[in-house]
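Before any comments, here is the structure.
Residue numbers (the numbering used here): 103 to 267.
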């Protein structure tokens, strides 16, 4: 999870929502990624999805059986679909995402009784560290947005906040 947190920190430094993901097979690092939605101009360029894609390429496989994905935030509905389709064995994540989470918050897709694959779930790992990164990122983003709107008490620099966790 420390590698996933490092990816999340890199994402924040690049102006991306600070989410990182790491894919592991048998204790070996297969891939690592961070959110790239802003840089790619692609709302689906989530850390989890990018790590899964890189993992498929790295392993030369259609599926990721036996792998564990570590991510710094509860995967969204889209990413949960990819976890099921690629047959990841286990997902370990930090805090829940009340607005988009597909593991526990909005739905329970990874262990849904009608799904043809189930993913083992471990949640809350290093949740406070991840939550702190996210809180700081969005607080700073809001301050920069206020500054752009002429609030002399705020910092300056970034685009306004469009959506939030």
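From the three backbone atoms N, C-alpha and C, an ideal C-beta is built for every residue, glycine too. Here the structure is a predicted model, which is why all the values come from computation and not from measurement.
- The Cβ atoms of residue 167 and residue 207 do not sit closer than 8 Å to each other.
- The shortest C-alpha to C-alpha distance from residue 173 to any of 141, 224, 250, 213 is the one to 224.
- Pairing residue 154 with residue 107 gives a Cβ-Cβ distance that is not under 8 Å.
- In this structure, residue 141 and residue 116 form a Cβ contact; the two beta carbons are roughly 7 Å apart against a cut-off of 8 Å.
- With a 10 Å radius around the Cβ and a threshold of 16 neighbouring Cβ atoms, residue 241 comes out exposed.
- With a cutoff of 8 Å on beta-carbon distance, residue 157 and residue 133 are scored as near each other.
- Where residue 182 is concerned, the enclosing alpha helix (DSSP H) starts and stops at 179-188.
- Leaving aside the five residues that flank residue 195 on each side, the residues in its chain whose CB is nearer than 6 Å to its CB run, in chain order, 173, 176, 225.
- Its Cα nearest to that of residue 113, the residue 239 stands out among 245, 246, 239, 252.
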